[in-house]
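So for the sequence shown, UniProt numbering puts the first residue at 1; every next one is plus one. Glycine is no exception: its CB is placed at the ideal position from the N, C-alpha and C atoms. Take a look at the structure set out below.
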Amino acid sequence: MLKGIEAFGDRLAFVTSVASRLMLLAVVTMLFVQVCLRYIFNFSLTWPEEASRYLMIWVVMLSGSLLVKDEQLVCVDFFDRFWPRRILAYRNALFRLLLAGLLGIMLWKGLDAADFGWRRTSPALNLSWFWIYLAIPVGSALMLFHMVVLALRDLIRGTASDQEISLIRAEM
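Have a look at this one:
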């Protein structure tokens, strides 16, 4: 069962990674075109700055889920080597479930914010704020899923003793 959930998580992370990359590419392209238009042709568009700002919100929330999946969030693991492996796994699972609770609250409040956003539109794009605020519950749901999978992994398999040490294992 856990292997199937992890395989689904891998596919979900791949789709999330592709979406993040495409959004980031769109941001770079829009800002490059905007700078060229402004400084070479003395002409400026109103929407690229706003669009890139909103796309960056989506990139951050989607990429955050990839960081959760690859265990690249900030953690203090100096004392981990002093704990027995099984107890360390239970401690990690407990912390992950506590974080999952916080992500659940973030999901809930993000849905409230997105629902509130239906009534407003952005100035330049005339886009409903719902689509902008939707990044929070979508990113939170993805992070929540990956956090629960990691907690289940810790409870079922325990913590890996030979986990590689890497500054960047996550790939956006």
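Mind checking if residue i is an interface residue toward chain D, Cβ cutoff 7 Å exclusive?
i   : result
M30 : Note that chain D does not occur in the displayed structure, where there is just one protein chain.
Mind checking residue i: buried by the 16 CB within 10 Å criterion, or exposed?
i           : result
W58         : buried
I136        : buried
R153        : buried
G101        : exposed
P123        : exposed
K69         : buried
L25         : exposed
V60         : exposed
Y54         : buried
Y39         : exposed
residue 181 : This structure cannot speak to residue 181, because the chain is shown only from 1 to 172.
V138        : buried
V27         : buried
If contacts are defined as beta-carbon pairs under 8 Å, then residue i and residue j qualify, I think. What distance do you get, rounded to the angstrom?
i    : j    : result
A151 : R96  : 4 Å
Y133 : G158 : Between G158 and Y133 the Cβ distance is about 39 Å, and since that is not below 8 Å, they are no contact.
I156 : L45  : Not a contact, Cβ separation roughly 53 Å.
M56  : L103 : Incorrect: roughly 21 Å between the Cβ atoms, too far for contact.
L62  : T16  : 5 Å
F145 : G9   : 7 Å
Could you tell me which residues DSSP pairs with residue i in its beta bridges?
i    : result
S63  : Answer by DSSP bridge pairing: none, since S63 is not bridged.
S128 : T121
From which residue to which residue does the alpha helix (DSSP H) around residue i run?
i           : result
residue 173 : In the structure as shown, the chain begins at 1 and stops at 172. Residue 173 is therefore absent and cannot be evaluated.
E6          : L2 to I40
D154        : A135 to R157
Counting Cβ pairs closer than 8 Å, one from the stretch 18-31 and one from the stretch 59-68, do we hit at least three? Contact holds: three or more Cβ-Cβ distances are below 8 Å.
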